[in-house]
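Q: Under our numbering, think of the first position of the sequence shown as 2, with each following residue one higher.
Think of the CB as a built atom: it goes at the ideal place given N, C-alpha and C, for glycine as much as any other residue.
I'd like to ask you about the structure that follows.
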Amino acid sequence: MRVVTCLPRLLAYSDRFRMLCALSCKVESLHILTTEQPGSLSELVSANPKLSLVVLPRKGFNRLAFNWISERLRSNDLDIIHDNFGHFAAVFQAWAGSHSREYRFISTLYTNNWAWFNRVRKPHLDLGWTYVSQRIITLWRDRRICKHADRVLVLGPGHEDDLVDGHALDVSRIRWVESEVNIAHFKAVEQEPTQPPTFLFTGAVCRNKGIDVLLNAFRLLKDRPYRLQLIGRILNWEKTWFADAVKEADLGDKLIHVPQVPGAEMAARYRGVHSLVFPSRFEGSPRSVREALASGIPAIVSNIAGHRGLDPHGRFLRFVDSFEPDAWCEAILAAVNESEPQYTARRHLGVEQMVTFHSFDAVAQRLFHSYKDVLSLPPRSSG
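Now the structure itself:
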């Protein structure tokens, strides 16, 4: 099985690259089209002989990728063309029309832009124009990809409905797969939670991620000693709002904001935390929650598709069905009042889920099975 995929920002997505290294061991060859030299990841490239990096200039990457793939399709040198982020949209459009082709087109939608516009843009939150324009472009890529792909992969149950509604995609062409986490770096350490209980949020500090919900919920809890720690950069267009919201919440030293933590130090930040709190309004599959669970930290999360993909059977995540502060206040109190055996079981189940289904090798195996499955079926006719 000869596969090509893309990962332009190789170093920023180093965990995804490690997962692809595991995938390369299961196929005949895996080509990764990128814009970066491997740098600190060079040893991984050397250790995986079936993997090859094709470094293309950042400017004109999509066009150059189109030319590279087209040349190999003409000579029948590829079996799977696996798109990430919509970079291969033109390839899918140009080459998917043949009914007799032996190669197959697969795309992983790490985020669903149609759903984002319906769930995040509708409430009229303040958003930077650059960010919104990026969403518009990728929504157009999603539409082109979905129209021509043999298989579309999403990151959790529930995302399928959005593709059916948004792109008229036949549900039979959609599968959901897990997303990777570095279980060697993020792992549980037996340690009592600090007192008073600290609740952690990691990620972009903005209303899109539900920071308004957290500030209002902890305002309701201000008579209790609980602390809220936010780790993440305040998005530029939210700085004025955030300063005003912090002043209004009046949490004093119970609110801690750390703008940035180096990636190598992030694992230590989970130690001693009672729970992660993550009321995001939309996610593909949030890295913050995966890292917390792998570190043995229970999580209180919004009940959205991206979170259900991490706990599809509802065994250990504490889901909150609304974005009302009262509901989050109740969930936080329930977490604090949970018995020690229940809390410990929740921790262990989360770790087990990450190790079993979200390790690099587990995700690579799931992709490999997806490749075999789609190759066993006739190619989809475009239109």
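#1: Between which two residues does the alpha helix (DSSP H) holding A269 run?
#2: If you check the beta carbons only, do V190 and I175 fall under 8 Å apart?
#3: Mind checking whether R347 and E179 have CB atoms under 8 Å apart?
#4: Rounded to whole angstroms, what's the CA-CA distance from R145 to W117? Just pull it up for me.
#5: Are there three or more Cβ pairs, one per stretch, closer than 8 Å when the region 359 to 377 is compared with the region 315 to 328?
#6: What is the C-beta distance between L277 and I298, in whole angstroms, given that I count them as a contact (C-beta under 8 Å)?
#7: For L140 and R381, what's the separation of their Cα atoms in angstroms?
#8: Classify V133 as helix, strand or coil using the three-state DSSP reduction.
#9: Which of the three DSSP states is assigned to C7 in this structure?
#10: Using a beta-carbon distance below 8 Å, is D213 in contact with chain B?
#11: Can you name, in chain order, every residue of its own chain whose Cβ lies under 8 Å from the Cβ of K51, other than the five neighbours on each side?
#12: Under a Cβ-count criterion, where at least 16 other Cβ atoms within 10 Å of its own Cβ denotes burial, should G384 be classed as buried or exposed?
#13: I'd like the list of long-range same chain contacts for F187, defined as Cβ closer than 6 Å, with 5 residues on each side in sequence excluded.
#14: According to DSSP, simplified to helix, strand and coil, what is F200?
#15: Could you pull the DSSP bridge partners for V190 from this structure?
#16: Could you check whether the region 210 to 222 touches the region 273 to 287, counting it as contact only if at least three pairs of C-beta atoms, one from each stretch, sit closer than 8 Å?
#17: For the beta strand (DSSP E) containing V55, list its first residue and its last residue.
#18: Any idea if W177 is buried or exposed, counting beta-carbon neighbours within 10 angstroms, 16 or more meaning buried?
#19: First and last residue of the alpha helix (DSSP H) that includes W238?
#20: Roughly how many angstroms lie between the CA atoms of P226 and V302, to the nearest whole one?
#21: Would you mind sorting E353 into buried or exposed? The rule is 16 or more other CB atoms within 10 Å of its CB.
#22: My parser needs the alpha helix (DSSP H) runs of 4 or more residues fully inside the region 13 to 56; what are they?
#23: Give a yes or no on whether the C-beta atoms belonging to S360 and I184 are separated by under 8 Å.
A: With the given structure in hand:
#1: In the DSSP assignment, A269 falls within the unbroken alpha helix (DSSP H) covering 267 to 270.
#2: Their beta carbons are not under 8 Å apart, which means V190 does not touch I175 by this criterion.
#3: no
#4: 17 Å
#5: no
#6: 5 Å
#7: 22 Å
#8: V133: helix per DSSP, three-state reduction.
#9: strand
#10: The structure shown contains no chain B, having only a single protein chain.
#11: S25, C26, V28, E29, S30, L31
#12: Per-residue confidence for G384 stands at a pLDDT of 48, beneath the threshold of 50, marking its modelled position as unreliable; the derived number appears in the next sentence. Classification of G384: exposed, given that the 10 Å Cβ count is below 16.
#13: A268, E292, A295, S296
#14: strand
#15: Beta-bridge pairing links V190 to no other residue.
#16: yes
#17: Its beta strand (DSSP E) spans residues 52 to 56.
#18: Around the beta carbon of W177, 16 or more other beta carbons sit within 10 angstroms, so the residue counts as buried.
#19: Element bounds for W238: n/a, residue is neither H nor E.
#20: 21 Å
#21: Counting of Cβ neighbours within 10 angstroms places E353 among the exposed residues, the total staying below 16.
#22: 15 to 25, 43 to 48
#23: yes
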